[in-house]
Amino acid sequence: PNRLENPNIYHLDVGAMYPNIVLTNRLQPSAIVDSTICAQCDLNRPNSRCQRKMDWIWRGTYVPVTRNELQCIQLQLENERFSFNGQSIEKKSFVDTSKKGTNTGRK
Numbered sequence: 004p005n006r007l008e009n010p011n012i013y014h015l016d017v018g019a020m021y022p023n024i025v026l027t028n029r030l031q032p033s034a035i036v037d038s039t040i041c042a043q044c045d046l047n048r049p050n051s052r053c054q055r056k057m058d059w060i061w062r063g064t065y066v067p068v069t070r071n072e073l074q075c076i077q078l079q080l081e082n083e084r085f086s087f088n089g090q091s092i093e094k095k096s097f098v099d100t101s102k103k104g105t106n107t108g109r110k
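The sequence shown begins at 4 in the numbering used here and counts up by one.
What follows is the structure in structure tokens.
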């Protein structure tokens, strides 16, 4: 069909929006790089715009576990059975395993 109205052309400057979105929502990039990683990058040039220096601050909260919560977790670990090496059918309680066996199942 032939249209008579003039088109509207929109341009979104996503490069300018990204830092504002990050700062407004208090987000941090999933990978913070340093000078050694930048040196290995193919896009590493003196006037590249990807090397924007930003100051990041920790915005997390540290909530230590209470004694009651610790006892609940320990009681739960005593009652549950785990298979630590994935090959054995036998499941053991957390307290019956050695330190070496419990660390192998962690990621």
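Beta carbons are placed, not taken as given, at the ideal position from N, Cα and C, and that holds for glycine. These numbers were taken from a predicted model, which means no experiment stands behind them.
Whole angstroms is fine: what's the gap from Val66's alpha carbon to Gln43's?
-> Going by the C-alpha atoms only, they are around 38 Å apart.
What are the boundary residues of the alpha helix (DSSP H) that Glu81 is part of?
-> Taken as a continuous stretch (DSSP letters only), the alpha helix (DSSP H) holding Glu81 covers 70-82.
Distance between beta carbons of Val98 and Glu81, contact taken as under 8 Å = In this structure Glu81 touches Val98 by the C-beta definition: roughly 6 Å separates them, less than 8 Å.
Same chain only: Cβ atoms within 8 Å of Ile92, ignoring 5 sequence neighbours per side | If we look at Ile92 and ignore the five residues flanking it on each side, its Cβ neighbours are Ser86.
Which of helix, strand or coil does DSSP assign to Ser96?
-> It is a strand residue.
Can you give the beta carbon distance from Cys41 to Asn50, rounded, assuming they're within the 8 Å contact cut?
-> Contact between Cys41 and Asn50 is ruled out by a C-beta separation of about 14 Å, above the 8 Å threshold.
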